[in-house]
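K.L.:
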């Protein structure tokens, strides 16, 4: 396999996984995720004309993939009131699971091998986290302080779903 073809596969995997990780929760929830609609709530920020509105729209779009908190969803009180399957297949967690699992599968399909797939997935994930923190900073959102546990658990939730999907897909697709 020529080097050029290998680079193209990495680039395709990164572009597809970035696009799916940003828009995935809306795709898997019929374009309404946690009461937020793309056409009514996010896209008007991009056409408002100010930098703050644009960055706020970008924050809402990028942050939608990180908005499920596995630890608070599976708390004892929530498990008693809703139940395990109610939480798992509810409108909050299921689109996040499908999004990050699909991102891992797409990376594993284009990038062969467990090691290369995992490295590419972590590269995409870290890039998204950096973008998420940058747009949150410019949008004036407080991710630290009192929200640090929530922010870290939301980031860890997506990572917990991404890693097994990437390993599984890299294993199925075969060695590099």
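Numbering (my numbering), first residue to last: 10 to 185. Ideal Cβ placement from N, Cα and C applies to all residues, glycine included.
#1: Return the residue from the list 95, 183, 76, 109 that minimises the CA-CA distance to residue 83.
#2: What residue from 87, 62, 63, 116 has the CA that sits closest to residue 179's CA?
#3: Considering Cα atoms alone, identify which of 141, 151, 165, 128 is closest to residue 66.
#4: Using a 10 Å radius around the Cβ and a threshold of 16 neighbouring Cβ atoms, would you call residue 145 buried or exposed?
#5: Report the residue from 174, 166, 182, 56 whose alpha carbon sits nearest the alpha carbon of residue 72.
#6: Thinking just about the alpha-carbon of each residue, which of 48, 55, 74, 53 is nearest to the one in residue 160?
#7: Across the region 117-137 and the region 25-32, are there enough close Cβ pairs to call them in contact, namely three or more that are closer than 8 Å?
#8: So what's residue 43 in DSSP terms, helix, strand or just coil?
#9: By DSSP, does residue 121 sit in helix, in strand, or in coil?
#10: Less than 8 Å separating the beta-carbons of residue 110 and residue 174?
#11: Taking 8 Å as the cut-off, decide whether the C-beta atoms of residue 171 and residue 113 are in contact.
#12: I'd like the list of long-range same chain contacts for residue 148, defined as Cβ closer than 6 Å, with 5 residues on each side in sequence excluded.
#13: When you compare the CB positions of residue 101 and residue 77, do they come within less than 8 Å of one another, or not?
#14: Exposed or buried, what is residue 135 when buried is set at 16 or more other beta-carbons lying within 10 Å of its beta-carbon?
#15: What does a CB cutoff of less than 7 Å around residue 22 pick up in its chain, not counting 5 residues either side in sequence?
#16: Taking Cβ positions, are residue 162 and residue 79 nearer each other than 8 Å?
P.N.:
Well, looking at it:
#1: Against the chain shown, residue 83 aligns to sequence position 74. Residue 83 has its Cα closest to that of 95, out of 95, 183, 76, 109.
#2: Looking up residue 179 in the chain shown gives position 170. Looking at the Cα atoms, 116 is the closest of the given residues.
#3: The sequence position of residue 66 within the chain shown is 57, counting from 1. For residue 66, the nearest C-alpha among the options comes from 141.
#4: Locating residue 145 in the chain shown gives position 136, counting from the first residue. Residue 145 should be labelled buried.
#5: Here the question's residue 72 lines up with position 63 in the chain shown. Among 174, 166, 182, 56, the Cα nearest to that of residue 72 belongs to 166.
#6: Locating residue 160 in the chain shown gives position 151, counting from the first residue. Minimum Cα distance to residue 160 is reached at 74.
#7: They touch, by the three-pair rule.
#8: Residue 43 sits at position 34 when you count from the first residue of the chain shown. Residue 43 falls in the coil class under three-state DSSP.
#9: The sequence position of residue 121 within the chain shown is 112, counting from 1. Residue 121 falls in the coil class under three-state DSSP.
#10: Stepping through the chain shown from its first residue, residue 110 is reached at position 101. Stepping through the chain shown from its first residue, residue 174 is reached at position 165. Yes, the Cβ-Cβ distance between residue 110 and residue 174 is below 8 Å.
#11: As a working mapping, residue 171 is identified with position 162 in the chain shown. As a working mapping, residue 113 is identified with position 104 in the chain shown. The answer is yes: Cβ separation under 8 Å.
#12: Residue mapping note: residue 148 aligns to position 139 of the chain shown, counting from 1. Closer than 6 Å at Cβ, skipping near neighbours: 64, 65, 68.
#13: Looking up residue 101 in the chain shown gives position 92. Looking up residue 77 in the chain shown gives position 68. Cβ atoms of residue 101 and residue 77: closer than 8 Å.
#14: Sequence index remark: in the chain shown, residue 135 carries index 126 (1-based). Under this definition residue 135 is an exposed residue.
#15: To locate residue 22, count along the chain shown from 1; it is residue 13. Cβ within range, chain order: 115, 116, 119, 120, 129.
#16: Position 153 of the chain shown, counting from 1, holds the residue named residue 162. Position 70 of the chain shown, counting from 1, holds the residue named residue 79. Yes.
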